[in-house]
Amino acid sequence: VGGLLLGTNFEDRGSWPMRIQQVDVDALSPLVPVALVRGLVHQQQGSPFHIHYRPVVLPAERHRAYALQW
34 VGGLLLGTNF EDRGSWPMRI QQVDVDALSP LVPVALVRGL VHQQQGSPFH
84 IHYRPVVLPA ERHRAYALQW
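Numbering (this note's numbering), first residue to last: 34 to 103.
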């Protein structure tokens, strides 16, 4: 885990669901009643599960224009 955090990683409202910025297994482990495992899961071609994620691809010009307006 690494990268920029905007404030604290967890938005602890005392109950779930809890909003987090980055998945930090060591920090999350004491907060959940199950064992957490480090890993990454990839869906294989031909899987019966529906793929709902579609990457958003924008050209660099659109990224710059969006950043400039802010």
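Even for Gly, the Cβ is constructed at its ideal location relative to N, Cα and C. Predicted model, so just to flag it, every value in this text is computed and none were measured.
>> Considering only DSSP beta bridges, list what Ile53 is partnered with.
In response: As a position in the sequence shown, residue 53 is number 20, starting the count at 1. BP columns for Ile53 point to Phe43.
> Just the Cα atoms here: how many angstroms apart are Asn42 and Val67?
Replying inline: For the purposes of this step, residue 42 is identified with residue 9 of the sequence shown, where counting begins at 1. For the purposes of this step, residue 67 is identified with residue 34 of the sequence shown, where counting begins at 1. Approximately 20 Å, taken between the alpha carbons.
> With distances taken between CB atoms, is the gap from Ile84 to Gln76 smaller than 8 Å?
Replying inline: Within the sequence shown, residue 84 is the residue found at index 51, counting from 1. Within the sequence shown, residue 76 is the residue found at index 43, counting from 1. Against a cut-off of 8 Å, the Cβ pair of Gln76 and Ile84 comes out as a contact.
> Whole-angstrom Cβ separation of Leu38 and Gln55, contact assumed at under 8 Å?
Replying inline: The residue given as residue 38 occupies position 5 in the sequence shown. The residue given as residue 55 occupies position 22 in the sequence shown. Indeed, because the Cβ distance is near 7 Å, the residues count as touching under 8 Å.
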